[in-house]
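Number of protein chains: 4
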Amino acid sequence: MSPRHPERRSEQSAKAVVQAALELCQEIGYAKVSIEGIASRAGVGKNTIYRWWPSKAAVLLDGLLELWGGAAPFPDTGDIVADLKAQMRAAVASLIADPVGLHYRALIGEAQHDAALAQDLHERLIRPMVLRANERIELAQRQGQIRGDLDPELVVELLYGPVYHHWLLTGRTPEPARLDAIIDATFASMTPQG
Amino acid sequence: MSPRHPERRSEQSAKAVVQAALELCQEIGYAKVSIEGIASRAGVGKNTIYRWWPSKAAVLLDGLLELWGGAAPFPDTGDIVADLKAQMRAAVASLIADPVGLHYRALIGEAQHDAALAQDLHERLIRPMVLRANERIELAQRQGQIRGDLDPELVVELLYGPVYHHWLLTGRTPEPARLDAIIDATFASMTPQG
Amino acid sequence: MSPRHPERRSEQSAKAVVQAALELCQEIGYAKVSIEGIASRAGVGKNTIYRWWPSKAAVLLDGLLELWGGAAPFPDTGDIVADLKAQMRAAVASLIADPVGLHYRALIGEAQHDAALAQDLHERLIRPMVLRANERIELAQRQGQIRGDLDPELVVELLYGPVYHHWLLTGRTPEPARLDAIIDATFASMTPQG
Amino acid sequence: MSPRHPERRSEQSAKAVVQAALELCQEIGYAKVSIEGIASRAGVGKNTIYRWWPSKAAVLLDGLLELWGGAAPFPDTGDIVADLKAQMRAAVASLIADPVGLHYRALIGEAQHDAALAQDLHERLIRPMVLRANERIELAQRQGQIRGDLDPELVVELLYGPVYHHWLLTGRTPEPARLDAIIDATFASMTPQG
DNA sequence: CAATAAGCGAGACGGTACGTCCAGTCTTCTT
DNA sequence: AAGAAGACTGGACGTACCGTCTCGCTTATTG
Numbered sequence: 001m002s003p004r005h006p007e008r009r010s011e012q013s014a015k016a017v018v019q020a021a022l023e024l025c026q027e028i029g030y031a032k033v034s035i036e037g038i039a040s041r042a043g044v045g046k047n048t049i050y051r052w053w054p055s056k057a058a059v060l061l062d063g064l065l066e067l068w069g070g071a072a073p074f075p076d077t078g079d080i081v082a083d084l085k086a087q088m089r090a091a092v093a094s095l096i097a098d099p100v101g102l103h104y105r106a107l108i109g110e111a112q113h114d115a116a117l118a119q120d121l122h123e124r125l126i127r128p129m130v131l132r133a134n135e136r137i138e139l140a141q142r143q144g145q146i147r148g149d150l151d152p153e154l155v156v157e158l159l160y161g162p163v164y165h166h167w168l169l170t171g172r173t174p175e176p177a178r179l180d181a182i183i184d185a186t187f188a189s190m191t192p193q194g
Numbered sequence: 001m002s003p004r005h006p007e008r009r010s011e012q013s014a015k016a017v018v019q020a021a022l023e024l025c026q027e028i029g030y031a032k033v034s035i036e037g038i039a040s041r042a043g044v045g046k047n048t049i050y051r052w053w054p055s056k057a058a059v060l061l062d063g064l065l066e067l068w069g070g071a072a073p074f075p076d077t078g079d080i081v082a083d084l085k086a087q088m089r090a091a092v093a094s095l096i097a098d099p100v101g102l103h104y105r106a107l108i109g110e111a112q113h114d115a116a117l118a119q120d121l122h123e124r125l126i127r128p129m130v131l132r133a134n135e136r137i138e139l140a141q142r143q144g145q146i147r148g149d150l151d152p153e154l155v156v157e158l159l160y161g162p163v164y165h166h167w168l169l170t171g172r173t174p175e176p177a178r179l180d181a182i183i184d185a186t187f188a189s190m191t192p193q194g
Numbered sequence: 001m002s003p004r005h006p007e008r009r010s011e012q013s014a015k016a017v018v019q020a021a022l023e024l025c026q027e028i029g030y031a032k033v034s035i036e037g038i039a040s041r042a043g044v045g046k047n048t049i050y051r052w053w054p055s056k057a058a059v060l061l062d063g064l065l066e067l068w069g070g071a072a073p074f075p076d077t078g079d080i081v082a083d084l085k086a087q088m089r090a091a092v093a094s095l096i097a098d099p100v101g102l103h104y105r106a107l108i109g110e111a112q113h114d115a116a117l118a119q120d121l122h123e124r125l126i127r128p129m130v131l132r133a134n135e136r137i138e139l140a141q142r143q144g145q146i147r148g149d150l151d152p153e154l155v156v157e158l159l160y161g162p163v164y165h166h167w168l169l170t171g172r173t174p175e176p177a178r179l180d181a182i183i184d185a186t187f188a189s190m191t192p193q194g
Numbered sequence: 001m002s003p004r005h006p007e008r009r010s011e012q013s014a015k016a017v018v019q020a021a022l023e024l025c026q027e028i029g030y031a032k033v034s035i036e037g038i039a040s041r042a043g044v045g046k047n048t049i050y051r052w053w054p055s056k057a058a059v060l061l062d063g064l065l066e067l068w069g070g071a072a073p074f075p076d077t078g079d080i081v082a083d084l085k086a087q088m089r090a091a092v093a094s095l096i097a098d099p100v101g102l103h104y105r106a107l108i109g110e111a112q113h114d115a116a117l118a119q120d121l122h123e124r125l126i127r128p129m130v131l132r133a134n135e136r137i138e139l140a141q142r143q144g145q146i147r148g149d150l151d152p153e154l155v156v157e158l159l160y161g162p163v164y165h166h167w168l169l170t171g172r173t174p175e176p177a178r179l180d181a182i183i184d185a186t187f188a189s190m191t192p193q194g
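Chains as they are written, first to last, in the working numbering: chain U, 1 to 194; chain X, 1 to 194; chain P, 1 to 194; chain S, 1 to 194.
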């Protein structure tokens with residue numbers, strides 16, 4: 001929630017807050033993190049947190065964005081299937097990576113009952129990732145590797161949907177082989193001699 | 001906690017608790033539901049809740065299972081694509097249906113930071129749904145409408161993954177047309193000439 | 001509350017209850033004793049306690065009476081002052097004696113806000129003790145060792161009052177020497193030359 | 001030059017808490033007073049009570065001290081017996097006076113199973129009263145009205161002991177005539193001709 | 001170059017809910 | 001038919017945090 005309060009904030013305090021939130025979340029788990037706990041760990045007054053963030057989730061989102069800066073870029077070797085396999089493998093690695101995946105999953109969970117957070121999470125984290133994916137898809141479409149009549153966003157969901165489905169409903173991410181199977185099945189037809 | 005604890009519980013109280021939880025969740029939203037609130041609305045001591053359920057989410061899960069009893073069966077007209085389109089449309093309708101979808105989404109959210117709930121939710125709600133889907137997929141495979149070398153569970157994720165992805169990350173469910181597009185794209189090949 | 005309920009009670013259970021109450025009171029202190037605790041320690045249903053006693057204090061009173069059965073008799077050597085000194089020393093020893101004094105003090109404390117208990121405690125424990133003291137005082141009066149115009153009960157209070165005052169307001173009982181001083185001062189005149 | 005509260009407590013809240021405790025104790029009796037009840041009546045969070053007092057009894061003690069500020073001073077007419085009779089009559093009147101006696105008795109009762117409270121009660125209420133009595137006794141000793149070899153504290157117990165004994169063990173305070181008898185008997189000798 | 005206002009740490013405040021314990025009653029099953 | 005076992009409603013416990021609110025203190029302009 002930070003970006004538009006350039007007034008007087010102490011950048012040092014803001015950093016300490018975000019840092020404390022990340023640490024606590026790893027140490028005791030998202031559910032047990034409290035704003036009081038963050039404030040005390042950061043050596044900061046509670047008001048300083050309330051002044052700049054609407055909820056603990058918002059603090060954590062700031063932290064996650066920092067950590068995740070340039071996650072999983074889309075390579076372009078000319079072979080869309082190979083590139084997707086590489087990228088998805090990297091992306092999925094993040095989902096189980098110790099700090100990032102933990103925080104990301106907690107935020108997605110929280111967003112299910114916090115509309116403001118859902119909005120924020122989507123705009124600042126998810127949409128940018130989808131947009132970067134879109135670009136690579138569109139490139140592949142222009143190169144004739146993917147049917148041009150498909151909405152690129154649909155393609156993203158066809159590919160990432162199964163991963164998130166598995167992750168959010170079982171807590172585990174697909175094995176690399178399963179990842180390949182998802183991509184292959186999506187590119188091939190499911191019908192016998194498609 | 002499942003319906004038939006062999007011990008001594010008052011079935012009447014259990015019903016009142018679950019009912020109160022469902023009502024409160026609809027009225028004030030999952031995040032603001034408290035065990036105290038449920039107990040007081042149900043006219044029940046808090047201990048009675050703690051005795052039989054580990055958390056408010058567990059109560060709600062019981063309620064959801066009751067509500068959702070025989071959700072979205074898989075028709076069998078012999079045409080797997082048509083049948084899936086019909087079933088998914090019905091299933092997705094549940095996800096936005098006022099009580100059911102609300103509760104389901106809240107529980108999925110909560111399960112992201114409550115491992116016990118995640119386990120329960122998966123075993124009692126999600127796996128049974130997946131198994132029923134598997135059966136229809138396997139039937140289609142035997143009938144030669146779907147490639148036999150695909151893991152039926154993979155097929156389920158290919159189909160439902162995009163729906164959940166959209167739903168959980170934006171809060172909205174795909175339009176019927178989009179739903180058809182998902183199924184069509186999955187069955188056709190994504191590459192230009194299939 | 002025991003004595004007059006000859007109906008069908010299980011004497012064995014009653015004993016176990018009283019015993020458990022005494023033990024718990026010594027182990028964890030009166031304030032932390034609960035009826036549930038007594039029942040569970042005694043291997044008895046809570047109802048069995050509620051059937052026969054109105055409160056935990058009543059159970060304890062039964063126990064105390066049992067323990068204290070024939071406390072501190074009044075000797076009769078013909079010398080009232082010497083006899084009182086002996087008796088009070090013995091009586092005071094009970095007040096600090098590990099189980100008895102503990103329970104007695106707790107009951108006196110509780111009786112300050114439980115009128116029914118106060119009644120019971122007085123009738124079953126305190127009055128009998130006072131009556132026995134009265135008898136010895138009256139004997140001394142008949143023997144001309146104490147002024148005959150004094151209400152014996154007043155004499156008892158003059159003697160025991162200072163002891164209880166000290167005990168209940170400081171938690172300690174007077175030293176033997178102080179005890180003698182109380183008796184001597186009461187028997188002598190407080191004015192300079194009698 | 002601002003008003004420096006050494007501690008941070010809100011004096012207004014503290015007053016409301018004490019007031020509420022006093023009122024409740026009168027209305028429903030000490031045993032039924034709860035910290036929740038006090039907090040709610042005072043319009044104060046429970047924490048505010050727990051922050052500054054260790055128990056409901058401690059709150060009540062504060063209230064009692066306020067009410068009882070300058071209780072029963074010792075007159076000095078030169079006649080110690082007459083002065084004591086006057087003072088004790090006044091003091092005993094307090095013990096039955098509606099609010100004060102009620103609270104005082106409850107606190108003495110509670111102190112029997114709460115050592116911290118007993119300490120507090122003694123230091124802040126009882127000892128000061130005893131000290132004031134001591135002074136008058138010592139004056140009388142210097143004036144030759146009381147034997148100089150008696151510990152003044154012993155004298156206080158000889159006089160007040162019987163009153164407290166009667167009060168705490170029967171719930172009633174001695175009649176004025178009985179009070180006089182106590183004093184007279186203590187000053188005269190109890191033996192037939194001194 | 002004070003003064004003055006903001007941000008800040010600290011933490012008290014009125015509250016809500018937690019999860020636990022126990023009271024006193026009621027029900028079921030055992031003996 | 002009593003008693004043990006223990007579930008039931010309900011109230012209070014003492015704790016943890018919520019989000020708001022002073023406090024003084026430290027800075028950083030600005031009149």
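Note that the Cβ used here is the ideal one computed from N, Cα and C, for glycine as well.
The model shown is predicted, which means the values in this text are computed figures rather than measured ones.
Terminal residues of the alpha helix (DSSP H) in which residue i lies
{"i": "F187 (chain X)", "result": "176-187"}
{"i": "Y164 (chain U)", "result": "152-170"}
{"i": "Q145 (chain X)", "result": "Premise fails: Q145 (chain X) is in no alpha helix (DSSP H) and is neither H nor E."}
{"i": "L121 (chain U)", "result": "115-121"}
{"i": "D62 (chain S)", "result": "56-67"}
{"i": "I35 (chain U)", "result": "35-42"}
{"i": "K85 (chain U)", "result": "80-96"}
Reduced DSSP category for residue i - H, G, I as helix; E, B as strand; rest coil
{"i": "G109 (chain P)", "result": "helix"}
{"i": "T48 (chain U)", "result": "helix"}
{"i": "A16 (chain P)", "result": "helix"}
{"i": "P73 (chain U)", "result": "coil"}
{"i": "G101 (chain P)", "result": "helix"}
{"i": "R9 (chain X)", "result": "coil"}
{"i": "V130 (chain S)", "result": "helix"}
Partners in chain S for residue i, counting only beta-carbon separations shorter than 9 Å
{"i": "Q112 (chain P)", "result": "Y30, R105, A106, L107, I108, G109, E110, Q112, L168, G171"}
Residue i: contacting residues in chain X (beta-carbon distance under 9 Å)
{"i": "A118 (chain U)", "result": "L169, T170, G171"}
Contact set between residue i and chain P, taken where Cβ atoms lie within less than 7 Å
{"i": "I126 (chain S)", "result": "L169"}
Listed by chain order, chain X residues near residue i by CB distance under 7 Å
{"i": "P162 (chain U)", "result": "E157, L158, G161"}
Beta-carbon neighbours of residue i, restricted to chain U and to distances below 8 Å
{"i": "L154 (chain X)", "result": "P162, R178, A181, I182, A185"}
Residues of its chain near residue i, where Cβ-Cβ distance is below 7 Å and the 5 sequence neighbours each way are ignored
{"i": "L65 (chain P)", "result": "R124, L125"}
{"i": "A20 (chain S)", "result": "I38, R41, A42"}
{"i": "A57 (chain P)", "result": "L107, E110, D114, L117"}
Own chain partners of residue i with C-beta closer than 6 Å, once the 5 adjacent residues on each side are dropped
{"i": "R136 (chain S)", "result": "F74"}
{"i": "P176 (chain S)", "result": "R89"}
{"i": "I80 (chain U)", "result": "A140, Q145"}
Neighbourhood of residue i by C-beta distance below 8 Å, restricted to the same chain and skipping five residues each side
{"i": "G161 (chain P)", "result": "none"}
{"i": "K85 (chain S)", "result": "L179, D180, I183"}
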